[in-house]
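Heads up, this note's numbering is the position in the sequence shown plus 865, with the first residue counted as 1.
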Amino acid sequence: MLDITKIRAITLDLDDTLWPIWPTIARAETALQDWLRGHAPRTSALFSDPAARLALRHEVMAARPDLHHQLSSLRLEQIRLALGRSDENTALAEPAFEVFFDARQQVTMFDDTHAGLAFLSARFPLVALSNGNADLARVGLSGYFKGSISAQGFGVGKPDPRIFKAAASAAGVLPHEVLHIGDDAALDVLGALACGM
866 MLDITKIRAI TLDLDDTLWP IWPTIARAET ALQDWLRGHA PRTSALFSDP
916 AARLALRHEV MAARPDLHHQ LSSLRLEQIR LALGRSDENT ALAEPAFEVF
966 FDARQQVTMF DDTHAGLAFL SARFPLVALS NGNADLARVG LSGYFKGSIS
1016 AQGFGVGKPD PRIFKAAASA AGVLPHEVLH IGDDAALDVL GALACGM
């Protein structure tokens, strides 16, 4: 049973915990598609097919397993591959990715996100712990958090206990003093338990 008197810090997942991720990704995909239509129309046509997009992603992941937890780099290389396959300028990958990434930061919070974070951050140090690539400052939540650990920056993702231990360290406490909040039973719950949270 959880003894809340022993909690000294809280780690929180971001995507699908503080905001719904799939509407955000859909808007970012639309922004990217609109940009490509004006700058790389053949790539836009290729990217308009979800199966082709997924095949490109899988191809990049097979060629670059080091990008498994590097979602931004994975997306950038997927765009670069699509541009090359479409015989368009691969140098457009960086500005195209920036369009996607900017739109990806335009999240719509769950109704209670700000109130919940205000309540929790007044009582505990909060550390964001995510396999995603949201930027706390750009989404407008950095003021609530003492720190942020991402799979991209850390090199491994949840449920690996090492990333949970790093988050506890960022909060300045031991893992058994941390309550982790997240939406995914395997990644969040099992990972936190394996670390001793």
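All residues carry an ideal CB built from backbone N, CA and C; glycine is no exception. If you're wondering where the values come from, they're calculated on a predicted model, not measured in any experiment.
- Taking every protein chain shown into account, the CB of D878 has 16 or more other CB atoms within 10 angstroms, so this residue is buried.
- With fewer than three CB-CB distances shorter than 8 Å, the stretch 906-920 does not count as touching the stretch 1019-1027.
- Going by beta carbons, L936 and A958 fall outside the 8 Å limit.
- A Cβ-Cβ contact shorter than 8 Å links M1062 with V1043.
- Counting only residues of its own chain and dropping the five nearest sequence neighbours on each side, L901 has a CB closer than 7 Å to the CB of T908, S909, F912 and A961.
- Note on D1053: 16 or more other CB atoms within 10 angstroms of its CB, so buried under the neighbour-count rule.
- In the structure shown, H934 adopts coil according to DSSP, grouped into three states.
- For A874, the uninterrupted beta strand (DSSP E) segment begins and ends at A874 to L877.
- In the structure shown, the three-state DSSP call for A928 is helix.
- Rounded to the nearest angstrom, the Cβ distance from C1060 to F1029 is 4 Å, consistent with a contact under 8 Å.
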